[in-house]
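If you number the sequence shown the way the numbering used here does, the last residue is 331 and the count never jumps.
The C-beta atom is built at its ideal place from N, Cα and C for all residues, glycine as well.
See structure below.
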Amino acid sequence: MAEAPKIPDEAETRARWGAFAWNDENQKKANEILGRYPKGREQSASIPFLDLAQRQVGEETQTQGWLPVPVIEFVARQIGVPYMRVYEVATFYTMFNMAPVGRFHVQVCGTTPCLLGGSDDVLAACKNKGLIKGRTTPDGMFTLTEVECLGACANAPMVQINDDNFEDLDYDKTSALLEALANGTPVAPGSQTGRRDSCAAGGPTNLVAMVDENHDYRGEWA
Numbered sequence: 110m111a112e113a114p115k116i117p118d119e120a121e122t123r124a125r126w127g128a129f130a131w132n133d134e135n136q137k138k139a140n141e142i143l144g145r146y147p148k149g150r151e152q153s154a155s156i157p158f159l160d161l162a163q164r165q166v167g168e169e170t171q172t173q174g175w176l177p178v179p180v181i182e183f184v185a186r187q188i189g190v191p192y193m194r195v196y197e198v199a200t201f202y203t204m205f206n207m208a209p210v211g212r213f214h215v216q217v218c219g220t221t222p223c224l225l226g227g228s229d230d231v232l233a234a235c236k237n238k239g240l241i242k243g244r245t246t247p248d249g250m251f252t253l254t255e256v257e258c259l260g261a262c263a264n265a266p267m268v269q270i271n272d273d274n275f276e277d278l279d280y281d282k283t284s285a286l287l288e289a290l291a292n293g294t295p296v297a298p299g300s301q302t303g304r305r306d307s308c309a310a311g312g313p314t315n316l317v318a319m320v321d322e323n324h325d326y327r328g329e330w331a
């Protein structure tokens, strides 16, 4: 329970977000999203609407954004379904934040491949930079969450920070990444060791030459 996120008081939340509505730009995006679905299937817009709403909250708070209850209620009204139908979606996916987060939401994968690859070192680096699981740093810069598999197992350990994945991490690389973000220094997502995609760390080990257009293999097995 010590890691449970802190949700603001309901009265405070409703005072701040009770009148939530799309801004002009997002209203256009919302109309476009609804246009993808036939009449009577508006509930299919739950996920894209929640994502759009969370991003708008983020823009207004200069954070990664979250979903206050009044905002979820707004989304439910927009697609004409009971609040609980949208709340179920919001609480199912970890891409949606149910409590305020910082400018950078650091989600550390702790599933088996990342654990074996050194996610404990990643968490240690976060801890030594003042990040505590389930909490936001006092300066509002970082929120740390430990999550399940994020789908980059071949490049473990990894973290997702806002919309980007950072892979092939260790203690030092994680520390450097957090320092760069805190200082406003540009960072490059993806592998932090320079390898491309999920290729073997030492380079390709088989099919080192491509198949030609006639599907005749011209290379050699490595």
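Going by C-alpha distance, which of S300, F213, V256 is nearest M250?
Nearest option by C-alpha distance: F213.
Taking the C-alpha atoms as reference points, what is the distance between D272 and G149?
About 31 Å.
So, under 8 Å CB-CB, K238 and L278 are touching, yes? Tell me the CB distance rounded to an integer number of Å.
Contact doesn't hold; Cβ gap of about 13 Å is too wide.
Where do the ends of the alpha helix (DSSP H) carrying N140 lie?
Segment 133-143, the alpha helix (DSSP H) holding N140.
Using DSSP with H/G/I as helix, E/B as strand and the rest coil, what is N292?
Three-state DSSP puts N292 in a helix.
So, with DSSP's three-state summary, where would you put V210?
DSSP places V210 in coil when its eight states are reduced to three.
Using only alpha-carbon positions, find the residue among G243, C235, R123 that is nearest to G281.
Position check: residue 281 holds Asp in this sequence, whereas Gly was assumed. Comparing Cα-Cα distances from D281 to each of G243, C235, R123, the minimum goes to C235.
Have a look at A291 and D248 and give me their C-alpha separation to the nearest angstrom.
One C-alpha to the other measures close to 10 Å.
With DSSP collapsed to three states, give me the class of L240.
In this structure, L240 counts as coil in the three-state DSSP scheme.
So Q269 is in the beta strand (DSSP E); what residue range does that whole segment cover?
Per DSSP, Q269 belongs to the beta strand (DSSP E) from 268-270.
Helix or strand or just coil, what does DSSP make of Q152?
Of the three classes helix, strand and coil, the one that applies to Q152 here is helix, per DSSP.
From the DSSP output, read off the bridge partner residues of V256.
BP columns for V256 point to C218.
Less than 8 Å separating the beta-carbons of F275 and P295?
No, the pair does not count as a contact, with Cβ atoms beyond the cut-off.
Look at the Cβ atom of C308, then the Cβ atom of V268, and state whether they are nearer than 8 Å.
Result no, Cβ atoms of C308 and V268 do not sit closer than 8 Å.
Is it true that the CB of A124 sits closer than 8 Å to the CB of F183?
Cβ atoms of F183 and A124: not closer than 8 Å.
Can you list, in chain order, the residues of its chain with a C-beta nearer than 8 Å to that of Q301? Leave out the 5 residues immediately preceding and following it.
Cβ within range, chain order: F275, E276, D277, L278, K282, L286.
With C-beta atoms as the reference, is A208 less than 8 Å away from I116?
Yes, the Cβ-Cβ distance between A208 and I116 is below 8 Å.
Helix, strand or coil for T95? Go by DSSP, reduced to three states.
There is no way to answer for residue 95, as the model of the chain reaches only from 110 to 331.
Buried or exposed for F158, going by 16 or more other Cβ atoms inside 10 Å?
Answer is buried; the Cβ neighbour count reaches 16.
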